[in-house]
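The structure appears below as C-alpha cells.
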DNA sequence: CGCGGCTTTGATGTTCATCAAGTAAAGTGG
DNA sequence: CCACTTTACTTGATGAACATCAAAGCCGCG
C-alpha cells in the first residue's frame, strides 16, 4: 500500500469537484489530501468503522458490499473512477454502513471529513456539488437494484454482463474483475446457478468464456435475454 | 384536493428543517410554501414529470414506486410525516424518476425548487441539513431493500408486517394501508403467494386477519420467521 | 341486483437453491 | 521446481420455493 501526498496541480478531479472553490479554499482542503494505492482484493473501508475520511476513487474499480450473517455478502454496486465511494453513509451516520474493497488495483484520495464539513458550511455551492453527486450515486444504485429485481436468473446474468461491457469496459471483450461468487452476490442468486447460466450462454454461442475473460459474440441476443427474462 | 397557504407559525417542520435559517430567510422561503391535501390513492408526483417543486409530507402516508413494462409496479418504500418525498431525484435529474402516491389521506407542503436552490447556495448549513436528510432517506431505503433481498417469501411477509407494526403504527394491531397486490409489489413476490403466506400465518396463530386489519398475536414467532427465512 | 375490483384457494409446472462430487487453477512450503 | 493444499470453478441430480393458471367467493357501489 503506497502512501504519497497528492499533487493537486495535476489532479483532474479538481475541476470536477472543486469547481465552486476559489484557489485559497482549494489549497485549504487539498493540502490535507492523501493519495493511496490499493491492490486488488484489499479492503478500503470496513463496515462499522467510524467515518473520519471522505474518500473518492481516482482510478481502478471497487465494490460496495455488506456482510450478512451467512457466508454470502451482498454486493450493492461497483464504482469506478471519480465515484465517491464513501458518499453513501457519510452524512447520516457516524459509522460506515457498508464495506468497500478494491476489485482491481486502485488509487483513492481521501481528506479529513471535518475539513470537508467545514468547507460545506461556508460554501453552499460546494455543498450543492456534493449533494448532486450523491443524488446521482444513489439514483444509479437504486435503478440497478430495481432493474435486477425485475429479472430472473438469465436476465440478471445478461444484465450483469452488459453492465460490465457497456458501463465499465466499453468493449465486448473484457476480463471479469469479480469471481463467480461475487457475481452471485451482486445479482442475488447462487454461485452454481450463475455458473450454469454462463455455461448455457456459451453453449448458445452468445458469449465465449476464457476463465475470467468474456467475449460477447451476440450482443443482440444478450440484450434480448436481459430485457425479457 | 384542498389548497391553502401554509401558516408557518404553527408548522412543526420549521424547527426540524430550518434550524439553520434566521427569521428573514425562513420568511423568504415559507412565504412561498403551499400546503395541499391528498386523498388516499391520489397521485402526488408522477414519474417523468419535470421537477419544479420540493415536497415534504406533513402527515399521512405515501408510497414511492416505479412502473415497469408489466402490470406490476415496483414499490420502493413508504414514507411518513416529515419525510421529504421528492428528495430522491431532485438534485440529479430534471425529471422525477419515481412516482409518489398517497396511501392514506395526506397533507404535503411544497415550495418552488428554485427558491430552495437559491437558499442552499447562500447557506451552507441549510444545504447540509438537506444533505443529511437525504443521506438518511437513501440509507433507509437501501437497508430495507437489502434486508428484503436476503429473505424469501415467509421472511419477507413477516418483515413487511413488522415494518408496519414497528415503524409506522407502533402497535400490534393496525389496518394495512395497502392492498395485497401492493404488498407483493413491495416485497417482490406475487400477489397469490402473499395471500397464501398471510393465510398460513393466520392458520399458525401468529396473526389474525380482518380484511385489511391485522392483529399480531405472536410477535416473537413473527420475529423469528423474519430473521430465519 | 349485477358488475368490477379485490381477495382467496387449489393445481400445476417452472425456476431456483441445495447437496454432492469432481476438475481446474492458484497459492504455499520444502 | 514440484508436491501439496487450498480456493475457484463446473456439472448433475434432487427437492423446495415460487410463479402461473384457473376458478370461485367476497364486498362495495352504482
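Chains as they are written, first to last, in our numbering: chain A, 1 to 229; chain B, 1001 to 1229.
All residues carry an ideal CB built from backbone N, CA and C; glycine is no exception.
Nothing here was measured: the structure is a model prediction, and the numbers come from that model.
Check                                                                                                                              : Outcome
For residue 1 of chain A, three-class secondary structure by DSSP                                                                  : Model confidence at residue 1 of chain A stands at a pLDDT of 42, short of 50, so the residue's coordinates are unreliable; what they give is reported in the following sentence. In the structure shown, residue 1 of chain A sits in coil (DSSP, three-state: anything other than H, G, I, E or B).
Backbone CA spacing between residue 231 of chain A and residue 59 of chain A [nearest angstrom]                                    : No answer is possible for residue 231 of chain A: the residues shown for chain A start at 1 and end at 229.
Residue 1098 of chain B vs residue 1113 of chain B beta-carbon contact at 8 angstroms                                              : no
Per-residue burial, residue 1040 of chain B [other beta carbons within 10 Å of its own, 16 or more giving buried]                  : exposed
Contact under 8 angstroms by Cβ, residue 1208 of chain B with residue 1197 of chain B                                              : no
Length of the line joining the Cα atoms of residue 30 of chain A and residue 139 of chain A                                        : 28 angstroms
Residue 189 of chain A (DSSP reduced to helix, strand or coil)                                                                     : coil
Element boundaries [alpha helix (DSSP H), containing residue 1126 of chain B]                                                      : 1124-1150
DSSP state of residue 1116 of chain B mapped onto helix, strand, coil                                                              : helix
Three-state class that DSSP yields for residue 52 of chain A in the structure shown                                                : coil
Backbone secondary structure at residue 155 of chain A - three-state DSSP                                                          : helix
Run of the beta strand (DSSP E) containing residue 1075 of chain B, from where it starts to where it stops                         : 1074-1079
Beta-carbon gap between residue 35 of chain A and residue 144 of chain A smaller than 8 angstroms                                  : no
Proximity test, Cβ basis, 8 angstroms: residue 91 of chain A and chain B                                                           : yes
Nearest-angstrom beta carbon gap, residue 111 of chain A and residue 32 of chain A [assumed within contact, 8 angstroms]           : 5 angstroms
Beta-carbon proximity of residue 1116 of chain B to residue 1054 of chain B, cut-off 8 angstroms                                   : yes
Inter-stretch contact at 8 angstroms, needing at least 3 Cβ pairs: the segment 149-159 of chain A / the segment 220-227 of chain A : yes
Residue range of the unbroken alpha helix (DSSP H) whose run includes residue 1221 of chain B                                      : 1219-1228
Exposure label - residue 177 of chain A; buried when at least 16 CB within 10 Å                                                    : buried
CB contact flag (residue 38 of chain A, residue 85 of chain A, <8 angstroms)                                                       : no
DSSP state of residue 1209 of chain B mapped onto helix, strand, coil                                                              : strand
Proximity test, residue 1116 of chain B beta-carbon vs the ligand ATP heavy atom, cut-off 7 angstroms                              : For the ligand ATP, the structure offers nothing, since it holds no ligand at all.
Rounded C-alpha distance that separates residue 120 of chain A from residue 1118 of chain B                                        : 15 angstroms
Rounded C-alpha distance that separates residue 991 of chain B from residue 1165 of chain B                                        : Nothing about residue 991 of chain B can be read from this structure; chain B reaches only from 1001 to 1229.
Selection from B/1064, B/1025, B/1027, B/1167 that minimises the alpha carbon distance to residue 1042 of chain B                  : B/1064
Contact with chain B by residue 139 of chain A, beta-carbon distance below 8 angstroms                                             : yes
Beta-bridge pairing of residue 1063 of chain B - partner residues as DSSP gives them                                               : B/1078, B/1101
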